[in-house]
Amino acid sequence: MTYNQFYEVDPIPGQESYFEGSSLLMLRNNARLKIIDVQWRPELDLDGEYQLQVLNFVENFNPITNEFDTEPNWEHPVLNFATKSRLVLVEKLEDLLRTLPVFEDPRMIERRGVIDELSESYRLRIVENGISTDYINDILENGSVQLQVYILNHKDLTREILLKFAENGLTKKVKNQAKQKLTSKGFRA
């Protein structure tokens with residue numbers, strides 16, 4: 001729990017002060033990379049409602065503080081939920097705490113919170129432009145195993161690229177995965 005100003009108080013006259021502030025409750029789950037934020041909107045208005053947002057976040061290691069900074073994705077919440085009932089909100093929170101799936105950080109990371117800058121630059125290029133044989137040789141030579149596995153699972157993968165990975169993948173795992181895909185229906189010669 002990051003922040004808690006969520007009380008067993010219903011919005012009735014005389015209780016307005018319990019329904020102010022930007023957040024009433026903020027829960028963070030580092031294992032699932034999720035944040036749950038609960039607000040009351042409009043603030044101090046007893047005719048308002050509870051607004052719940054579920055956000056994915058990524059972690060960045062801060063070498064100065066030796067801690068992980070979180071970057072929630074406020075622009076694209078996973079879930080928005082609103083209710084006037086505190087009990088309905090509590091039920092929803094309990095359900096979410098049991099069922100929220102893990103968010104997979106899409107970035108190329110060396111270890112928790114530390115980005116592999118070179119491999120991440122290749123991944124971003126692929127996201128923007130798709131897979132190109134122009135830089136596959138560079139990826140085979142300089143890219144991480146994680147990046148090579150990412151490419152092997154990409155929707156634009158071609159037989160030509162698979163052949164290169166089967167021959168020159170960084171690890172036996174990458175080579176075997178490429179060879180196995182070559183035997184599948186979509187990539188057979």
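So the sequence shown is numbered by full-length UniProt numbering: it starts at 1 and just counts up by one. All C-beta atoms, glycine included, are put in the ideal place defined by N, C-alpha and C. For clarity, every value in this text was computed on a predicted model and none was experimentally measured.
C-alpha distance - residue i paired with residue j, whole-angstrom precision
i	j	result
residue 24	residue 154	41 Å
residue 129	residue 86	47 Å
residue 14	residue 45	11 Å
residue 133	residue 67	39 Å
residue 16	residue 4	17 Å
residue 75	residue 162	36 Å
residue 84	residue 127	41 Å
residue 174	residue 164	11 Å
residue 124	residue 107	9 Å
residue 169	residue 19	57 Å
residue 141	residue 157	18 Å
residue 28	residue 100	12 Å
residue 92	residue 62	34 Å
residue 43	residue 22	8 Å
residue 9	residue 77	27 Å
residue 159	residue 151	12 Å
residue 112	residue 69	11 Å
C-beta atoms of residue i and residue j nearer than 8 Å
i	j	result
residue 33	residue 58	yes
residue 179	residue 187	no
residue 26	residue 2	yes
residue 71	residue 60	yes
residue 177	residue 149	yes
residue 56	residue 73	yes
Spatial neighbours of residue i in its chain, beta-carbon cut-off 6 Å, leaving aside the 5 residues before and after
i	result
residue 51	39, 41, 82
Contact set for residue i: own chain, Cβ-Cβ below 7 Å, skip 5 residues either direction
i	result
residue 122	135, 139, 143, 147
residue 105	33, 58
residue 109	115, 116
residue 96	36, 54
Where residue i falls, given that 16 or more other Cβ within 10 Å makes a residue buried
i	result
residue 119	buried
residue 11	buried
residue 79	exposed
Close-in-space but distant-in-sequence residues of the same chain around residue i (CB under 8 Å, 5 per side omitted)
i	result
residue 6	24, 25, 38
> Of all the alpha helix (DSSP H) runs that stay within the bounds of the region 29-117, which reach a length of 4 or more residues?
Replying inline: 86-99
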